[in-house]
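See below for the structure under consideration.
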Amino acid sequence: MAARGRKPSFEELALKSLSTPYNAAHHRFAVFIACITFCLLVAGALVTSNDAGLSVPDWPTSFGSLYKIPRWVGGVRYEHSHRMVAEFVGFLTIILAIWTWRADKRRWMKWLGVAALGTVIAQGVLGGLTVLFYLPPAISTSHAAVGQTFFCIACAIALFTGRAWVEEAPQTAVDTQRPTLITLTLLSIFVLYVQLVLGAMFRHHGMSWWPHVLNAPIVAIVLTWTAIRAMTQYSKIEAVRRPAILMLGLLITQLCLGFLAFTTRVAWGKDAVQPETAMIASTVAHVAVGALLLAATVILAIQVWRHVPVAHEEKAPGAEPKAVAA
Amino acid sequence: MHAATPSGPPAAPIDPATVASVSGTVHFDGTAPEMVPIDMSNDPACKGDNKAETVVAKDGKLANVFVYVKDGLGNRSFPAPANPVVIDQTGCRYRPHVAGMMVGQKLEIRNDDPTEHNVHAIGMQNAQWNESQMPKATPIEKRFDQPEIMLPIKCNQHPWMKMYMNVVASPFYAVTDADGKFEIAGLPPGTYTIAFVQEELGEQDQTITLGTKDKKTLDISYKAQ
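Respectively, the protein sequence lines represent chains A and B. Reading the first sequence from the start, the letters are residues 1 to 326 in my numbering. Reading the second sequence from the start, the letters are residues 327 to 551 in my numbering.
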């Protein structure tokens, strides 16, 4: 909290401020939305993996009705349950945005709630467009990418409303290395998004599998570098160490699942006449862990931003360079 | 009624007294792949035996090959027949698995299953469409405006359900039967490119010259992949 009579610093005004009381119910609600959103991502992955994307041919209605529940058989089971979970998440996000606007004193958090609502609306529209235009790869890929972006926003809101973020003063350590850890985490997010788009383009028949597979080692190198730097140099900062360990664990899991998905879908299943259990399970798990990996990386980047300020060199004439925290 | 309308001066009308025909057998060399059983358990209303029809070969004869006159008809145009081509959904499969029709001809899709389907035509030259159809509902009626070979029609509710429609500009086409046999009759004398198209094994083209009232045989073979 800024002291009375002096100008608040940038840090106090920005994310690092301690200007709102901890609201347990608000935080739990945000965590709940993040969990339900993860279920929604799994439901969406099941739709694609079961080739059920067009089993309900209309939108925003389902078989001409906004409220009637169709017979849940075949592909309808996946497509319609995905729509219902999506509507539930949309409804919860409206509540979250209003609640955040009213209860959270941080201005940027109010707008983050609005941004979450805007993202979930955009995601719903993209989902509708992909049905109405018969699953064009560009729209379906955007739907996949925006869905995971919303998941990251939901996780970030859960983090920002948590007790540790709101009440505890951040333990900091200045980053003097180049490239900086924050640069590495942002690079990690970038390569993960590229990988997400390449994977989604392959899943939605807009591209071959090889760009996704070729990018995988790049993702592995960048994320491993980031995780090891975070774990070794900032091991005493729990808020940085934990997401870094999680990110590395998820990366290893994801690489294994990617190999499994490739084997079951591309190597064994290319001539399959219908989606088979092994290919469905491996690809859905690959999508789900990919979403968790992206979210863990975003959380790591946020924590690094908060706990590891970057040192800038100040060079006086004739003097040795001196590290100063930004 | 639509008709194929090639450019250029109109060709001489076909004289029924001179027409020829070509028939033959499509062979399959090698061991035929096993027809994989379909798991239809995700919809209890889908009953019966169902097997993948990607390659249907028996005793070295290949069924479901679409055979058509790809070239040689010049600028002749042909009116689309008045009778519709019918696709039936029964046992959660399409009957037939491969069919042909003319540009502008009516396509009638029936649902004789006790479950709903969605019928999704994935045209590249023709517009896509996707409609749901309840059990015993009124048949869906459609027409295709452009020639297109192996246009997939599928059901996303039952992802194994897929058939191929072949839309051509002339009535000179056939689909091989269970014995791999086909016949295209009523062709005016001339030299033609006959195309054989199989959904998995691809296309083979053959050139044939037909004289007045000729009845020629044209056999081809696909090799096991």
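Glycine included, every Cβ here is placed at the ideal spot set by N, Cα and C.
Please return the same chain residues whose Cβ sits closer than 6 Å to the Cβ of residue i, not counting the five positions on each side in sequence.
i: L13(A); result: Confidence in L13(A) is poor, its pLDDT being 49 and thus under 50, which makes the residue's placement unreliable; the coordinate value appears in the next sentence. Correct list: empty, nothing qualifies.
i: A358(B); result: A383
i: G53(A); result: V47 and L135
i: R6(A); result: Only weak support exists for where R6(A) lies, its pLDDT of 48 falling under 50; the value from the coordinates is given anyway. Cβ within range, chain order: n/a, list empty.
i: Q195(A); result: N215 and V219
Nearest to residue i by CA position, among the options, is which residue?
i: Y442(B); options: K432(B), P410(B) and M487(B); result: Checking the sequence, you will find Glu at residue 442(B) rather than Tyr. Looking at the Cα atoms, M487(B) is the closest of the given residues.
i: D439(B); options: L433(B), K462(B), M427(B) and K432(B); result: K462(B)
i: I153(A); options: T180(A), G113(A), G162(A) and W165(A); result: G113(A)
i: A164(A); options: P309(A), V219(A), T61(A) and A24(A); result: A24(A)
i: H312(A); options: A115(A), V174(A), A116(A) and E79(A); result: V174(A)
i: L41(A); options: A169(A), H286(A) and I252(A); result: H286(A)
i: A239(A); options: I299(A), G199(A) and Q254(A); result: I299(A)
i: M84(A); options: L96(A), A97(A) and P70(A); result: P70(A)
i: G506(B); options: P342(B), I340(B) and T351(B); result: T351(B)
i: V73(A); options: P497(B), H484(B), D531(B) and E509(B); result: H484(B)
i: V213(A); options: P170(A), A296(A) and L260(A); result: L260(A)
i: C256(A); options: T277(A), Q195(A), T283(A) and T161(A); result: T283(A)
i: V150(A); options: E79(A), H80(A), L292(A) and R306(A); result: The sequence shown places Phe at residue 150(A), not Val. Here the closest residue by C-alpha is L292(A).
i: D369(B); options: S403(B), A447(B) and C418(B); result: C418(B)
i: S403(B); options: A521(B), D540(B), P473(B) and I546(B); result: P473(B)
For the ligand ZN, any of its heavy atoms closer than 7 Å to the Cβ of residue i?
i: L300(A); result: Ligands displayed in this structure: none; no statement on the ligand ZN is therefore possible.
At the 8 Å Cβ level, is residue i part of the contact set with chain A, yes or no?
i: N409(B); result: no
i: A511(B); result: no
i: D385(B); result: no
i: D365(B); result: yes
i: A554(B); result: Examination of residue 554(B) is not possible in this model, given that chain B is present from 327 through 551 alone.
i: M476(B); result: no
i: D471(B); result: no
i: D375(B); result: no
i: A330(B); result: For A330(B), the pLDDT reaches just 46, beneath the cut-off of 50, and the residue's location in the model is therefore unreliable, although a value from the coordinates is still provided. Not one chain A Cβ lies under 8 Å of A330(B).
So that I know if they touch, is there some Cβ in chain B lying closer than 8 Å to that of residue i?
i: A52(A); result: yes
i: G75(A); result: yes
i: F151(A); result: no
i: E12(A); result: Note that E12(A) scores a pLDDT of 49, beneath 50, so its modelled location is shaky and nothing firm can be said.
Using the beta-carbon of each residue, which ones in chain A are nearer than 8 Å to residue i?
i: V362(B); result: V273
i: H484(B); result: G74 and G75
Taking C-beta pairs closer than 7 Å, name the residues in chain B that residue i reaches, listed in chain order.
i: P57(A); result: N444, N456, E457 and S458
i: F88(A); result: Near F88(A) there are no residues of chain B at all, since even the closest Cβ is about 23 Å away, more than 7 Å.
i: F63(A); result: S458
Tell me which same chain residues have a C-beta within less than 7 Å of the C-beta of residue i, skipping the five on either side of it?
i: V31(A); result: A158
i: F133(A); result: I139
Mind listing the chain B neighbours of residue i? Cutoff is C-beta to C-beta under 9 Å, in chain order.
i: Y134(A); result: H446, I448, Q454, W455 and N456
Please list the partners that residue i has in chain A, where partner means a Cβ-to-Cβ separation under 9 Å.
i: T441(B); result: R71, V73 and G74
i: N437(B); result: Correct list: empty, because the minimum Cβ distance to chain A is about 14 Å.
Keeping to the same chain, check which residues put their C-beta closer than 8 Å to that of residue i; ignore five residues upstream and five downstream.
i: A425(B); result: V411, I413, M489, Y490, M491, N492 and V501
i: W210(A); result: none
i: H593(B); result: Outside the modelled stretch of chain B, which goes from 327 to 551, sits residue 593(B), for which no answer is possible.
i: A504(B); result: V382, K384, K387 and A389
i: E434(B); result: P410, V411, V412, I413, P465, I466 and E467
i: N444(B); result: N456, E457, S458, Q459, C481, N482 and Q483
i: A3(A); result: A caution first: A3(A) carries a pLDDT of 38, below 50, which makes its placement in the model unreliable, though a value can still be read off. There are no such residues.
i: P60(A); result: L66 and G128
i: T538(B); result: T344, A346 and P515
i: V146(A); result: T119, A122, Q123 and L126
Which residues in chain A sit within 7 Å of residue i, going by Cβ to Cβ distance?
i: D369(B); result: V73 and G74
**OP:** May I have a chain-ordered list of the beta strand (DSSP E) segments no shorter than 3 residues that lie completely inside the stretch 460-547 of chain B?
**Re:** Entirely contained in the stretch 460-547 of chain B, the beta strand (DSSP E) runs reaching 3 residues are, in chain order, 466-468, 474-480, 488-494, 499-501, 507-513, 516-524, 528-536 and 541-543.
Subject >> Whole beta strand (DSSP E) elements within the stretch 70-101 of chain A, 3-residue minimum >> reply: Complete beta strand (DSSP E) runs here, min 3: none at all.
**OP:** Please list the segments of the beta strand (DSSP E) lying wholly inside the stretch 361-421 of chain B, counting only runs of 3 or more residues, in order along the chain.
**Re:** 392-397 and 411-415, all fully within the stretch 361-421 of chain B.
Subject >> 3 or more residues per run - each beta strand (DSSP E) lying fully within the stretch 255-302 of chain A >> reply: Counting only runs that start and end inside the stretch 255-302 of chain A, there is no beta strand (DSSP E) element of at least 3 residues.
Subject >> alpha helix (DSSP H) runs contained entirely in the stretch 163-209 of chain A, provided each spans 4 or more residues >> reply: Within the stretch 163-209 of chain A, the complete alpha helix (DSSP H) runs of at least 4 residues are 163-167 and 181-203.
Original post:
Which runs of the beta strand (DSSP E) spanning at least 3 residues fall entirely within the stretch 215-255 of chain A, listed in chain order?
Top reply: DSSP runs (the beta strand (DSSP E)) wholly in the stretch 215-255 of chain A: none.
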